[in-house]
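Chains as they are written, first to last, in the numbering used here: chain P, 18 to 131; chain Z, 335 to 449.
C-beta: ideal position from N, C-alpha, C; glycine also.
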Amino acid sequence: KNQVEQSPQSLIILEGKNCTLQCNYTVSPFSNLRWYKQDTGRGPVSLTIMTFSENTKSNGRYTATLDADTKQSSLHITASQLSDSASYICVVSAIYNQGGKLIFGQGTELSVKP
Amino acid sequence: DSGVTQTPKHLITATGQRVTLRCSPRSGDLSVYWYQQSLDQGLQFLIQYYNGEERAKGNILERFSAQQFPDLHSELNLSSLELGDSALYFCASSVEGSSYQETQYFGPGTRLLVL
């Protein structure tokens with residue numbers, strides 16, 4: 018069964034600190050992995066998309082890594098800001114002959130405190 | 335601002351009723367996706383349309399239906415509403431229909447409350 022598991026479920030950090038969010042998946046055949054940021058009550062916003070050949074991708078203070086062998090990804094946030102408080106969702110794409118499918122993780126709720 | 339618009343922002347209705355949610359994709363995007371997000375669940379993919387035709391189906395109930403019109407806007411119809419249908423409904427769009435490769439741009443969502 019295709020699954021995407023994220024950890025931790027929630028995280029509280031102090032402003033200025035770094036943090037790392039984890040995503041493990043069992044999706045096959047794998048096409049790409051995305052990280053989204055979703056502010057409360059708003060639509061998700063894409064942070065990064067990585068294919069199996071990419072190990073790392075950055076978007077400002079956000080850096081995503083991918084290990085396609087172990088089927089693990091992480092999202093590292095550097096020098097956190099209050100505006101980083103949001104839900105971070107890992108989404109993995111599976112590709113089939115007739116198309117593809119997106120499998121969503123449950124998200125990690127990040128709270129950055131002053 | 336993603337360029338995807340959704341109306342209405344909020345909707346309160348009673349059980350058994352029918353509602354219609356509307357979505358306008360980004361200019362130039364041919365594909366529209368509908369998602370449901372309940373409080374205790376993550377995003378659930380409902381259905382995808384590409385240039386007016388249904389492209390992919392997810393966990394969409396039979397009481398729900400959708401369509402994409404020639405001007406590419408889309409509507410999601412929810413009927414015989416139940417309390418459990420209360421959720422945020424998001425629309426997303428992308429340039430083509432390759433949902434597994436493209437970035438999807440999400441709208442602000444419609445918050446539905448069924449009483």
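Could you give the distance in angstroms between the alpha-carbon of residue i and the alpha-carbon of residue j?
{"i": "Ser128/P", "j": "Ala103/P", "result": "7 Å"}
{"i": "Cys425/Z", "j": "Glu388/Z", "result": "15 Å"}
{"i": "Gly443/Z", "j": "Gly350/Z", "result": "22 Å"}
{"i": "Ser428/Z", "j": "Ser110/P", "result": "15 Å"}
{"i": "Ser100/P", "j": "Asn35/P", "result": "14 Å"}
{"i": "Phe121/P", "j": "Pro61/P", "result": "12 Å"}
{"i": "Ser336/Z", "j": "Arg360/Z", "result": "8 Å"}
{"i": "Ser372/Z", "j": "Ser75/P", "result": "30 Å"}
{"i": "Ile66/P", "j": "Val21/P", "result": "15 Å"}
Under 9 Å, Cβ to Cβ, is there at least one residue of chain Z near residue i?
{"i": "Ser45/P", "result": "no"}
{"i": "Gln123/P", "result": "yes"}
{"i": "Leu92/P", "result": "no"}
{"i": "Ile106/P", "result": "yes"}
Starting from the Cα of residue i, find the closest Cα among the options and give me that residue.
{"i": "Ala400/Z", "options": "Arg356/Z, Glu430/Z and Asp363/Z", "result": "Arg356/Z"}
{"i": "Ala85/P", "options": "Ile120/P, Pro25/P, Ser48/P and Ser97/P", "result": "Ser48/P"}
{"i": "Ile112/P", "options": "Ser432/Z, Ser427/Z and Ser428/Z", "result": "Ser432/Z"}
{"i": "Ser70/P", "options": "Asp56/P, Phe121/P, Leu50/P and Gln39/P", "result": "Leu50/P"}
{"i": "Pro385/Z", "options": "Thr437/Z, Asn393/Z, Gly362/Z and Gln375/Z", "result": "Before going on, a small fix: residue 385/Z reads as Asn here, not Pro. It is Gly362/Z."}
{"i": "Lys88/P", "options": "Leu99/P, Asn76/P and Thr68/P", "result": "Thr68/P"}
{"i": "Tyr369/Z", "options": "Phe440/Z, Ala348/Z and Pro359/Z", "result": "Phe440/Z"}
{"i": "Glu32/P", "options": "Ile120/P, Ile106/P and Thr95/P", "result": "Thr95/P"}
{"i": "Cys40/P", "options": "Pro46/P, Ser97/P, Gly60/P and Trp52/P", "result": "Trp52/P"}
{"i": "Ser97/P", "options": "Thr80/P, Glu22/P and Gln123/P", "result": "Thr80/P"}
{"i": "Pro131/P", "options": "Gln23/P, Lys74/P, Ile29/P and Gly124/P", "result": "Ile29/P"}
{"i": "Arg445/Z", "options": "Val366/Z, Asp419/Z and Leu345/Z", "result": "Leu345/Z"}
{"i": "Leu92/P", "options": "Gln20/P, Glu126/P, Asn19/P and Ser45/P", "result": "Glu126/P"}
{"i": "Glu409/Z", "options": "Glu416/Z, Leu380/Z, Gly376/Z and Asn393/Z", "result": "Leu380/Z"}
{"i": "Val448/Z", "options": "Ser414/Z, Gln438/Z, Gln375/Z and Thr339/Z", "result": "Ser414/Z"}
{"i": "Leu38/P", "options": "Val44/P, Pro46/P, Gln26/P and Ser45/P", "result": "Gln26/P"}
{"i": "Ser365/Z", "options": "Phe403/Z, Leu412/Z and Thr341/Z", "result": "Phe403/Z"}
{"i": "Asn393/Z", "options": "Gln23/P, Gly124/P, Ser24/P and Leu119/P", "result": "Leu119/P"}
{"i": "Glu396/Z", "options": "Ala390/Z, Leu412/Z, His407/Z and Ser358/Z", "result": "Leu412/Z"}
{"i": "Ser452/Z", "options": "Asp374/Z, Gln340/Z, Arg352/Z and Tyr367/Z", "result": "No answer is possible for residue 452/Z: the residues shown for chain Z start at 335 and end at 449."}
{"i": "Gln55/P", "options": "Asp405/Z, Leu422/Z and Glu436/Z", "result": "Leu422/Z"}
State yes or no: is the beta carbon of residue i nearer than 9 Å to at least one beta carbon in chain P?
{"i": "Gln402/Z", "result": "no"}
{"i": "Leu451/Z", "result": "The question about residue 451/Z has no answer here: the residues shown for chain Z are numbered 335 through 449."}
{"i": "Gln351/Z", "result": "no"}
{"i": "Ala390/Z", "result": "yes"}
Just the chain P side, please: which residues come within less than 9 Å of residue i by C-beta, in chain order?
{"i": "Thr339/Z", "result": "Those within 9 Å of Thr339/Z in chain P number zero; the least Cβ separation is about 11 Å."}
List, in order along the chain, the chain P residues whose C-beta lies closer than 8 Å to that of residue i?
{"i": "Pro342/Z", "result": "Result: empty, since nearest Cβ-Cβ is about 14 Å, beyond 8 Å."}
{"i": "Gly441/Z", "result": "Gly60"}
Please compile the residues from chain P whose C-beta is within a distance smaller than 7 Å of the C-beta of residue i.
{"i": "Thr437/Z", "result": "Ser63 and Ile66"}
Q | Contact residues within the stretch 355-388 of chain Z, judged by C-beta distance below 7 Å to chain P | A | Gly376, Leu377 and Phe379
Q. Along the stretch 58-88 of chain P, what residues have a CB closer than 8 Å to any CB found in chain Z?
A. Gly58, Arg59, Gly60, Pro61, Val62, Ser63 and Ile66
Q) Which residues, in order along the stretch 400-431 of chain Z, keep a beta-carbon less than 7 Å from a beta-carbon of chain P? A) Phe424
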